[in-house]
Amino acid sequence: FTDIDISAGLPLVFPELQKAWIAVVNVDANGTLQSAPCGSGALFCLAGPGTAILSTADGGGYAVDSGTSMAAPHVTGAVAIARQIFPDATPAELTQLMLQTATDIGAPGIDYQFGWGLLNLANVVASFDPETGDLFPAAGWSGFEALGHFGGALQRRFGTSDADPIPLLAYARGGNALVFSDEIGA
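What follows is the structure in structure tokens.
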């Protein structure tokens, strides 16, 4: 693979890394690619803002810089926020959340230039809210996963066993509270 940096493309050599790997390309404020494209790494690549970013400078002080080294911290920070929202999520689940909530830019779908698209932290956060989570169907698993953790907590609290699970198959917003149901449409 000559179209991607070796460090960004490690999952192409070691496929087991792909589940929890995000390669990052740099876009400017207009969404124009300012670095090498995702290329062969498109399946595990996101675009992030990395042009004209105020950062610390060598020797002290601050300077404006651009590049993937400026874009990658935006993605890393978004993963950290997602980890706060979903503390039991695995690295692979957090990776999927980042990729699936990206704003599609460039050619429709996963593409050579931007991979899954532009990092969208608002979509990541909204994926947890039952009122907005369905706006991002690819990230719908995350809200359901959170409910699974809630169900596990209930099982531990009330001493039920795996043989007698508490089913949480659907949820809906009811006033200011969530309503849980084991029947769709209930």
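Residue numbers (our numbering): 33 to 218. Note that beta-carbon positions come from the ideal geometry of N, C-alpha and C, so glycine has one too.
Own chain partners of residue i with C-beta closer than 7 Å, once the 5 adjacent residues on each side are dropped
i: residue 46; result: none
i: residue 95; result: 87, 89
i: residue 100; result: 56, 57, 58, 67, 82
Three-state secondary structure assigned by DSSP to residue i
i: residue 190; result: Annotation note: pLDDT 49 at residue 190 (below 50); position unreliable, no value reported.
i: residue 101; result: helix
i: residue 72; result: helix
i: residue 109; result: helix
i: residue 127; result: helix
i: residue 134; result: coil
i: residue 40; result: coil
i: residue 154; result: helix
i: residue 95; result: strand
i: residue 22; result: Outside the displayed span of the chain (33 to 218) sits residue 22, for which this structure offers no information.
Cβ neighbours of residue i in the same chain (closer than 8 Å, five flanking residues each side left out)
i: residue 242; result: Nothing about residue 242 can be reported from this structure: the residues present for the chain run from 33 to 218 only.
Residues sharing a beta bridge with residue i, DSSP
i: residue 81; result: 59
i: residue 143; result: 147
i: residue 86; result: 96
i: residue 65; result: 59
Any chain D beta carbon closer than 8 Å to residue i
i: residue 61; result: Going by chain labels, chain D is absent from the structure shown, which holds only one protein chain.
Residues near residue i in its chain [Cβ-Cβ closer than 6 Å; skip 5 each side]
i: residue 207; result: With a pLDDT of 36 at residue 207, under the threshold of 50, the modelled position of that residue is not reliable, and no figure is offered here.
Near the ligand ZN: residue i beta-carbon under 7 Å from a heavy atom
i: residue 127; result: This structure simply doesn't include the ligand ZN, nor any ligand for that matter.
With three or more beta-carbon pairs closer than 8 Å as the criterion, would you say the region 65-82 touches the region 136-145? With a cut-off of 8 Å, the region 136-145 and the region 65-82 count as touching, because enough Cβ pairs lie within range.
Please determine if the region 112-129 and the region 33-42 are in contact, where contact requires at least 3 C-beta pairs separated by less than 8 Å. no
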